[in-house]
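The sequence shown maps to residues 1 to 336 in full-length UniProt numbering.
Comments concern the structure below.
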Amino acid sequence: MVLSLNAYVLLGGADFGGGVWDFFARGNRREEQRALIAEAIGPIWEANHVWLILVVVLLFSCFPKAFAHLSTELHVPITIMLLGIVLRGSAFTFRSYDSKKDTVQRRWGRIFSMASLLTPVILGVCLGTVASGKIPMRTREAAAALSFTERFINPWCASLFPWAVGALTLMLFAFLAASYLTVEAPDEALKNVFRRRAQQSQIALLLTAFATLLLARFENPLLFTGLTRGTTAWAMHAITALSAVTSLWALKTRRFQVARLAAAAQASFILWGWAWTQFPWLLPPDRTITALAAPRITLQFTLGALAVGTAILLPSFVYLFRVFKSGETAFGDQHG
Numbered sequence: 001m002v003l004s005l006n007a008y009v010l011l012g013g014a015d016f017g018g019g020v021w022d023f024f025a026r027g028n029r030r031e032e033q034r035a036l037i038a039e040a041i042g043p044i045w046e047a048n049h050v051w052l053i054l055v056v057v058l059l060f061s062c063f064p065k066a067f068a069h070l071s072t073e074l075h076v077p078i079t080i081m082l083l084g085i086v087l088r089g090s091a092f093t094f095r096s097y098d099s100k101k102d103t104v105q106r107r108w109g110r111i112f113s114m115a116s117l118l119t120p121v122i123l124g125v126c127l128g129t130v131a132s133g134k135i136p137m138r139t140r141e142a143a144a145a146l147s148f149t150e151r152f153i154n155p156w157c158a159s160l161f162p163w164a165v166g167a168l169t170l171m172l173f174a175f176l177a178a179s180y181l182t183v184e185a186p187d188e189a190l191k192n193v194f195r196r197r198a199q200q201s202q203i204a205l206l207l208t209a210f211a212t213l214l215l216a217r218f219e220n221p222l223l224f225t226g227l228t229r230g231t232t233a234w235a236m237h238a239i240t241a242l243s244a245v246t247s248l249w250a251l252k253t254r255r256f257q258v259a260r261l262a263a264a265a266q267a268s269f270i271l272w273g274w275a276w277t278q279f280p281w282l283l284p285p286d287r288t289i290t291a292l293a294a295p296r297i298t299l300q301f302t303l304g305a306l307a308v309g310t311a312i313l314l315p316s317f318v319y320l321f322r323v324f325k326s327g328e329t330a331f332g333d334q335h336g
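Structure below.
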């Protein structure tokens, strides 16, 4: 599941980040910036959601109790996130194929950009709420005693930590997209635009990560302890920091291929650091992966199906990228 989520961050996350920079496109070459982003995202942007779907299917199959609990307790932010995904995809399509009049393009562009800003934040809010342990599995009587607001709104809306994780997710996606686009840009002027944005979003990402860690200390002591104790945790921090420094150095020296790889590594280690910190809890603070796992036979069949599916999915993705993204400005190169 974490591998699938990692793939979604590097692929789908970069696409969301492209929408963020579409929103902030400025200057005389803003239309060229948006055209580059559209070319980078399409025509295979929808395929990247396969990784998120895989996460959901694995959660449903391997941890059905956790799936039922999360989809119930977090149904409000999950619904908002799904609406954002649908609106973003629809707006991107309509902007590409609808009338080219400025008013029409601006309307679809605003919807596309705003959905690209909203959806990563809500995704991060959901992850932050789970990590904070604010949605414990209750008895039916205890759940019935809570009001709608207490049960379904307050856990994710009344605390700063989930929103800090949401902001961190947005900064991470924007940073990935800007780093990738330095490679995709066809000329030096556009490369410089996205180079500056990658540098700025990297700084914003580091500041947001630090703020999130401080909030975790006060609002989520269990997570903070996991993030700050143990050899593995500090090794993760060290590798993440090394990736960040490498990215900034590569951007400064215009080694954009290196910057792209460093950005992907940084994003991956942030995600795996969180996963390692939360292990063995699936629903902190008291429900472990083992306790919520499906029967052994179900896990065995799922593992077999996953092996067969992976043997089909990965070559299909490689073929898809080669067909649609084999050009000089292929966003798929960075996805590979």
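Think of the CB as a built atom: it goes at the ideal place given N, C-alpha and C, for glycine as much as any other residue.
Using 9 Å as the threshold, is the C-beta distance between residue i and residue j below it?
i: I122; j: S90; result: no
i: V125; j: G84; result: no
i: T263; j: L176; result: What sits at residue 263 in the sequence shown is Ala, not Thr. It is a contact, given that the beta carbons lie within the stated cut-off.
i: A14; j: F256; result: no
i: F92; j: W45; result: yes
i: A244; j: L206; result: yes
i: V86; j: A267; result: no
i: A294; j: P64; result: yes
i: E184; j: L36; result: yes
i: P120; j: G17; result: yes
i: L313; j: V50; result: yes
i: F152; j: N220; result: no
i: I135; j: E73; result: yes
i: L3; j: N48; result: no
i: M137; j: L283; result: yes
If you reduce the DSSP assignment to three classes, tell me which class residue i lands in.
i: L282; result: strand
i: R287; result: strand
i: L117; result: helix
i: I312; result: helix
i: I297; result: helix
i: D22; result: helix
i: P186; result: coil
i: F331; result: Residue placement at F331 is flagged as unreliable, the pLDDT there being 41, under the threshold of 50; the coordinate-derived value follows with that caveat. It is helical.
i: T253; result: coil
i: G336; result: Because the pLDDT of G336 is 36, which lies under 50, any placement of that residue in the model is unreliable, and the question is left without a value.
i: G17; result: helix
i: N28; result: coil
i: I41; result: helix
i: S96; result: helix
i: S268; result: helix
i: M81; result: helix
i: S243; result: helix
Alpha carbon to alpha carbon, how far is residue j from residue i? Give it in angstroms, no decimals.
i: G336; j: L146; result: Because the pLDDT at G336 is just 36, under 50, the model does not fix this residue reliably, and the point stays unresolved.
i: P280; j: F23; result: 39 Å
i: F148; j: T228; result: 35 Å
i: I78; j: M114; result: 17 Å
i: R30; j: L248; result: 25 Å
i: S242; j: A209; result: Residue 242 is actually Leu in this sequence, not Ser. The straight-line gap from Cα to Cα measures roughly 15 Å.
i: L118; j: L82; result: 11 Å
i: V57; j: F269; result: 24 Å
i: S71; j: T129; result: 13 Å
i: T182; j: A142; result: 53 Å
i: R197; j: L222; result: 34 Å
i: N6; j: L214; result: 24 Å
i: E32; j: Q202; result: 23 Å
i: T288; j: F321; result: 38 Å
i: S159; j: G133; result: 12 Å
i: T285; j: A131; result: The sequence as given places Pro at residue 285; Thr does not occur at that position. Whole-angstrom Cα-Cα distance: 9 Å.
i: R260; j: G304; result: 34 Å
i: F317; j: A25; result: 30 Å
i: L52; j: F60; result: 12 Å
i: residue 373; j: Y180; result: The shown model of the chain, from 1 to 336, leaves out residue 373, and the question about it has no answer.
i: Q334; j: A66; result: In this prediction, Q334 scores a pLDDT of 40, lower than 50, which makes its location untrustworthy; no coordinate-derived value is stated.
i: Q278; j: R217; result: 15 Å
i: Q105; j: R88; result: 14 Å
i: G42; j: W108; result: 16 Å
i: T231; j: C62; result: 30 Å
i: T329; j: R34; result: Its pLDDT being 43, under 50, T329 is placed unreliably in this model, and the coordinates cannot settle the point.
i: F324; j: F94; result: 20 Å
Check the Cβ-Cβ distances between residue i and every residue of chain C, and say whether any is below 9 Å.
i: T225; result: Any reference to chain C falls outside this structure, which holds one protein chain only.
Cβ pair count under 8 Å reaching 3, the segment 237-245 against the segment 186-194 | The segment 237-245 is not in contact with the segment 186-194.
For the segment 272-279 and the segment 299-318, state whether three or more C-beta atom pairs, one from each stretch, are separated by less than 8 Å.
-> no
Can you give, in chain order, each stretch of the alpha helix (DSSP H) that sits fully within the segment 121-157 and has at least 4 residues?
-> 140-144 and 154-157
In chain order, which alpha helix (DSSP H) runs of at least 4 residues are fully inside the segment 54-78?
-> Annotation note: the segment 54-78 contains the following uninterrupted alpha helix (DSSP H) runs of length 4 or greater, listed N- to C-terminal: 64-73.
Only counting runs of 4 or more residues, tell me where the alpha helix (DSSP H) segments fall wholly within the segment 165-235, in order along the chain.
-> 188-219 and 221-228
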